[in-house]
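Data block below; observations after.
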Amino acid sequence: MVKRKRINVSEFDAMLDKAMKKGDTVGIVDCYNEIGKEKAEFDDFDGAIEAYLQGSSEARKAGLVLERSFSERGLAEVYAKLGNKSKCFDHLSMFKSLSIESGNDSQIQLSLHVEAWCLQNLFDKGMADRIDLERALSVAKSSIEYLEKKRSAIAKFRYLGTIEQRKSKLLLMIAQIEQMLGNDSKALSHLCDAEHVIQDNDKEIFYEILLTRSGFAPINQRVQIARKMVKIASKERKGDALHELSHQLILNGEFDEGYKRLRETYFENSKYLHDDIVDIKSKLTILFKISMYNEELKNPTEMEKCEIYEALADLHDEYFRFLSNREKREYRHFAEENIIENYKNMIRNKRDIKDEIRGLLAIGLVYQDLNEYVNSKSIFEKRLELQISNNASIDEIIDTKISIFECMCHLKRDGLFKEFENLKKQTRTTSSRKELFFVWADYLEEMKEIDDAKYCRNIAEGLNDSPSELEDDGTDKLFGNWSEDKILKECKVEHEKLAAKEKAMLKKDRQNNTGETELHNAAKVDNPEMVEHLCQQGYSVNVVDNAGWTPLSEAVNHENYENVAILIRYGADVNIASKEGFENSSSRREVRHTRLTPLMEACAQGFEKIAKLLIENGAKLEKRDSLGYSAYNHLEEYIRENGYTEEQKLFKVYFEELMKERNVSLNVAAPRAVLEETQESNTQRMPAPVQPSQTSPIIRDRKRMNRSSAGSENSVKRKPTSPTPPLSTKIISRQNTPDVIEMRTPVRVSPPSVRQTTPLAATAATSMACCPVRVFFVNPPNDQIKNMMWSLPRQSTIADLRRKILSYLKSAEYEVRLQTHDGTNMEYSDEVLLAQIGDDVKIDCLLEMGSAAKIYSNSKGISRFILMHVVVLWDLVIVCNIDYSCTSQFI
Numbered sequence: 001m002v003k004r005k006r007i008n009v010s011e012f013d014a015m016l017d018k019a020m021k022k023g024d025t026v027g028i029v030d031c032y033n034e035i036g037k038e039k040a041e042f043d044d045f046d047g048a049i050e051a052y053l054q055g056s057s058e059a060r061k062a063g064l065v066l067e068r069s070f071s072e073r074g075l076a077e078v079y080a081k082l083g084n085k086s087k088c089f090d091h092l093s094m095f096k097s098l099s100i101e102s103g104n105d106s107q108i109q110l111s112l113h114v115e116a117w118c119l120q121n122l123f124d125k126g127m128a129d130r131i132d133l134e135r136a137l138s139v140a141k142s143s144i145e146y147l148e149k150k151r152s153a154i155a156k157f158r159y160l161g162t163i164e165q166r167k168s169k170l171l172l173m174i175a176q177i178e179q180m181l182g183n184d185s186k187a188l189s190h191l192c193d194a195e196h197v198i199q200d201n202d203k204e205i206f207y208e209i210l211l212t213r214s215g216f217a218p219i220n221q222r223v224q225i226a227r228k229m230v231k232i233a234s235k236e237r238k239g240d241a242l243h244e245l246s247h248q249l250i251l252n253g254e255f256d257e258g259y260k261r262l263r264e265t266y267f268e269n270s271k272y273l274h275d276d277i278v279d280i281k282s283k284l285t286i287l288f289k290i291s292m293y294n295e296e297l298k299n300p301t302e303m304e305k306c307e308i309y310e311a312l313a314d315l316h317d318e319y320f321r322f323l324s325n326r327e328k329r330e331y332r333h334f335a336e337e338n339i340i341e342n343y344k345n346m347i348r349n350k351r352d353i354k355d356e357i358r359g360l361l362a363i364g365l366v367y368q369d370l371n372e373y374v375n376s377k378s379i380f381e382k383r384l385e386l387q388i389s390n391n392a393s394i395d396e397i398i399d400t401k402i403s404i405f406e407c408m409c410h411l412k413r414d415g416l417f418k419e420f421e422n423l424k425k426q427t428r429t430t431s432s433r434k435e436l437f438f439v440w441a442d443y444l445e446e447m448k449e450i451d452d453a454k455y456c457r458n459i460a461e462g463l464n465d466s467p468s469e470l471e472d473d474g475t476d477k478l479f480g481n482w483s484e485d486k487i488l489k490e491c492k493v494e495h496e497k498l499a500a501k502e503k504a505m506l507k508k509d510r511q512n513n514t515g516e517t518e519l520h521n522a523a524k525v526d527n528p529e530m531v532e533h534l535c536q537q538g539y540s541v542n543v544v545d546n547a548g549w550t551p552l553s554e555a556v557n558h559e560n561y562e563n564v565a566i567l568i569r570y571g572a573d574v575n576i577a578s579k580e581g582f583e584n585s586s587s588r589r590e591v592r593h594t595r596l597t598p599l600m601e602a603c604a605q606g607f608e609k610i611a612k613l614l615i616e617n618g619a620k621l622e623k624r625d626s627l628g629y630s631a632y633n634h635l636e637e638y639i640r641e642n643g644y645t646e647e648q649k650l651f652k653v654y655f656e657e658l659m660k661e662r663n664v665s666l667n668v669a670a671p672r673a674v675l676e677e678t679q680e681s682n683t684q685r686m687p688a689p690v691q692p693s694q695t696s697p698i699i700r701d702r703k704r705m706n707r708s709s710a711g712s713e714n715s716v717k718r719k720p721t722s723p724t725p726p727l728s729t730k731i732i733s734r735q736n737t738p739d740v741i742e743m744r745t746p747v748r749v750s751p752p753s754v755r756q757t758t759p760l761a762a763t764a765a766t767s768m769a770c771c772p773v774r775v776f777f778v779n780p781p782n783d784q785i786k787n788m789m790w791s792l793p794r795q796s797t798i799a800d801l802r803r804k805i806l807s808y809l810k811s812a813e814y815e816v817r818l819q820t821h822d823g824t825n826m827e828y829s830d831e832v833l834l835a836q837i838g839d840d841v842k843i844d845c846l847l848e849m850g851s852a853a854k855i856y857s858n859s860k861g862i863s864r865f866i867l868m869h870v871v872v873l874w875d876l877v878i879v880c881n882i883d884y885s886c887t888s889q890f891i
């Protein structure tokens, strides 16, 4: 429930006095009800009960049935929050009776809603059973039926909620109850229904829907759901939303952002945090320590690695204890990656056998917490062997035997009673005996031997407690003596520094209308001192402009070697690819390259010194642009068209040797020869090529494209995209294969961002209704799909061809699912194709203008996949390449 701004109760007191003087009984009852509501809102339940009882009494004396029903409703809700089932039911029964007596359809419908809500809350507090919860589900559905039946009458009472608001809240409640009953699929269905009912401005209800969905959505969707919650949350709910986002980020392995979000939760939104504030402070303390120990691990000074790993494992285990039992099962990987793995690292870096014995104990206990008793038993047995072989004390050995016995009880092994009697005789310490009797009591309860279980539990509870081995070993050597307040002060300093830095970065990374920052402009000119100064001031070296160019790209394009070196030194990513690119023009063709890396740009313009610097700093040789060109292919093209110097010749040899050494192919992914041959056969249908503008000889035929403003320093090297390029027919096939896509007649299509009918399509539509497109599949899985002839309308777009391909894949019995970027299923998307083939293999192909498909294999490294590559050569011809590459049987 949203915590509203507190209203001064004295205002209601003044209104109450005024109503009493006038003898306005209705006003008096309304004031008492409002006071009760206000006090209950801020958890002053005693005050709320007093006010509601007074209101009910006044209404009863005056015979005000409807007004008294509101008082009884308030009392039922307060007692439900307190977990008092009997009193809640008493007032709930009175509320329902008065609602019916009033004859008010709105109040009758609300009485059903409130009954379901009270039963749900009582169950949540452990004061109601499953039968009560099932009744809540039935009553909530009855409330919806009554709402639909009396829609016109209830619609008059908009101040109590519109029809849509009431229905969406009921559907949300039904979803929550279904989740409590373990019916996740039904819960999800009702949540979807609730989303369809709510209106655009009902953000509070949508927030509750997202909050409910996050409880049982697939774990890989929960971070995205939490981000949406933060985005739409009111200021009162912002802290709760940030807390949820932090939690999901931590569990998803995004520690730095999760820690940052939790600091933001506490230091900027604590005003509206209530019950969670204690947990948030504890979590902040844990995350601060984890952050500091991670830093210590990079360069150990005061502690050995063994101690650091043990501290990290213990701290992650502390965080893991905040999870519910369901979450622990869902986030098993968190325990494996952060707790168990750190304990294993502790053992790998052990100082002596005692470290290993202690680490095995911790791992065994974690497996027990995960209910993996086979693994736990195996770990404890290994620990027992080490203890015996290293002459551990009898008491330590007995403790391990009790741990093994506990695993055997959960696994229902034979001979447990005999083993219990043996261990009972061997135990000498109070803590061991206490643990043994608790284990045996739990087992007897599970076996329904209630009396014996109660007897053993009484014995265990009568023994004095003693600290466990893990809780008393003092592993937190760096911060064990720090108070929570001291740690929170350090967190605040860290938070304020980061906030100030981010604020400064917003100013530093301010972009002009083309998306360029000051660093972009500085990188273009020969002024390395300015570039150094801006980098020192914290300007982002990897910010991109509207065309996808980074400051490093600009420095490379303008052949400013010193600027390139400085940007690399300050962390510039040498492998960021641009969105736009350059044109490659010659006497017979004009081809557009996009998705260029700085290395490709350097090679395309013959800047061998810069190219070598980029390679030495991690530039990837194997990356290819939208047309399949690697940096080496661009270098070859440059030399073929412009000749070469001695330095460029030596660099080419160096490049070739390096690529052979790294097993990188020297060939273009889509051979230029095929393209040239095809254009040769279509020469008569092509107009004369456009002559290149007069620029420097080095870049005469290879010009970068960008929508730059007039007068830009970069305009010399960038040519604006021509709105109507010359008509031609271009065909591309894959290397070393005769299988190509044949375009009988050029199909003119629009790029994804341009959805208008082209002139060619408009003029040709009258002469030919359809255009035949023959598609040859490379390495098809069977002969039936090797050769397909499709007829496409003359006004077809790229989307039409994609739909045709998808339709065919579906008819070939491949499962094809289309999703948006955030994972939402949809009927069709021009941007994302998500195909599943067999063993949970997911391939994400971004179908953009001139983009190469991206391949993602699953975590098991399944080696089979489908590559769907659609290339658009402006709006002239579609080149479609579908490659089935299999190293194992495809289907």
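The sequence shown begins at 1 in UniProt numbering and counts up by one.
For every residue, glycine included, the Cβ atom is placed at its ideal position computed from N, Cα and C.
Small disclaimer: the values here were computed from a predicted structure and weren't measured.
On the DSSP letters alone, give me the boundaries of the alpha helix (DSSP H) that residue i sits inside.
| i | result |
| --- | --- |
| D395 | I394 to H410 |
| D545 | Note, D545: premise wrong, no alpha helix (DSSP H); not H, not E. |
| P598 | P598 to A604 |
| Q648 | E646 to E661 |
| P300 | That residue, P300, is in no alpha helix (DSSP H); it is neither H nor E in DSSP. |
| E435 | T430 to E446 |
| K328 | N325 to E330 |
| M180 | I163 to M180 |
| H243 | K235 to L251 |
So, are the CB atoms of residue i and residue j less than 8 Å apart?
| i | j | result |
| --- | --- | --- |
| L423 | L436 | yes |
| G47 | K39 | yes |
| A76 | L92 | yes |
| E356 | L386 | yes |
| L137 | I177 | yes |
| L284 | Y266 | yes |
| L249 | V223 | yes |
| S553 | E601 | yes |
| I339 | A313 | yes |
| S168 | A187 | no |
| I388 | I397 | yes |
| L650 | K260 | no |
| K125 | G83 | yes |
According to DSSP, which residues form a beta bridge with residue i?
| i | result |
| --- | --- |
| R624 | S630 |
Measuring alpha carbon to alpha carbon, tell me which residue in the options is nearest residue i.
| i | options | result |
| --- | --- | --- |
| P598 | L463, E559 and L627 | E559 |
| E461 | V439, E449 and K448 | V439 |
| F288 | L82, G480 and I397 | G480 |
| D43 | A51, V78, Q54 and Q165 | V78 |
| L411 | K377, T427 and I394 | K377 |
| F322 | S282, M346 and K434 | S282 |
| F216 | S185, Y207 and L245 | S185 |
| R640 | V664, K609, A604 and E647 | A604 |
| C118 | I100, F89 and I144 | F89 |
| K620 | E647, N121, I576 and G628 | I576 |
| V544 | G515, I566 and N521 | G515 |
| A362 | E341, P551 and R351 | E341 |
| K579 | L171, A631, Y539 and H593 | H593 |
Please check the pair residue i and residue j, which I expect to be a contact at CB under 8 Å, by giving their CB distance rounded to whole angstroms.
| i | j | result |
| --- | --- | --- |
| L370 | K305 | Wrong, their Cβ atoms sit about 26 Å apart, outside the cutoff. |
| N542 | D573 | 5 Å |
| Y146 | Q109 | 5 Å |
| I219 | Y331 | 7 Å |
| V65 | E101 | 5 Å |
| K652 | L635 | 6 Å |
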